[in-house]
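Enquirer:
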Amino acid sequence: MKHFYLVILFFVCAIGFSQENAKASSDIEGFKLYPNPVTQGKVFIETAYNAPKQILIFDVLGTQVLQTTIIGQELNLSRLDKGVYILRVFENNKVATRKLIVK
């Protein structure tokens, strides 16, 4: 039962923070994430500088499910199950966090 309340709390917080202005919640200049929701197993991450990016993906319980570094823009998510995730992108000592939906 505690896990259920934890999941509900997480969703409420995630929805609340996702409603903020996208520029206010992103320190990475020119950050774009598409398509979201992900349907083909690939997502593209664009930034103004297109420098190498460290990617961390967490499930709704806060467990890290993926850690990788990408050089270009394409990130393969075919190994992830359908669901809601939190994506953190690190580039040039800046961080952007977004909700990611995999269908």
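Its first residue numbered 919, the sequence shown is counted upward by one per residue in this note's numbering.
Note that beta-carbon positions come from the ideal geometry of N, C-alpha and C, so glycine has one too.
What does DSSP give as the partner residue(s) for residue 994 in the beta ladder?
Expert: Paired residue(s): 960.
Enquirer: What does the alpha-carbon distance come out to for the pair residue 988 and residue 961?
Expert: When rounded, the distance between both Cα atoms is 12 Å.
Enquirer: Alpha carbon to alpha carbon, what distance is there between residue 1001 and residue 1009?
Expert: Using only the alpha carbons, I get a separation of about 25 Å.
Enquirer: Assuming residue 1004 contacts residue 976 under a Cβ cut-off of 8 Å, what Cβ separation, rounded to an integer in Å, is found between them?
Expert: The Cβ separation is near 4 Å, so the contact holds.
Enquirer: Quick one: Cα of residue 984 to Cα of residue 996, how far?
Expert: So the alpha carbons of these two residues sit roughly 11 Å apart.
Enquirer: Residue 1013 and residue 971 look like a contact to me (Cβ under 8 Å); what is the Cβ gap, rounded to whole Å?
Expert: Between residue 971 and residue 1013 the Cβ distance is about 10 Å, and since that is not below 8 Å, they are no contact.
Enquirer: Report buried or exposed for residue 963, applying the criterion of at least 16 other Cβ atoms within 10 angstroms of its Cβ.
Expert: Residue 963 comes out buried.
Enquirer: Residue 992 to residue 952, Cα distance in whole Å?
Expert: Their backbone Cα atoms lie some 10 Å apart in a straight line.
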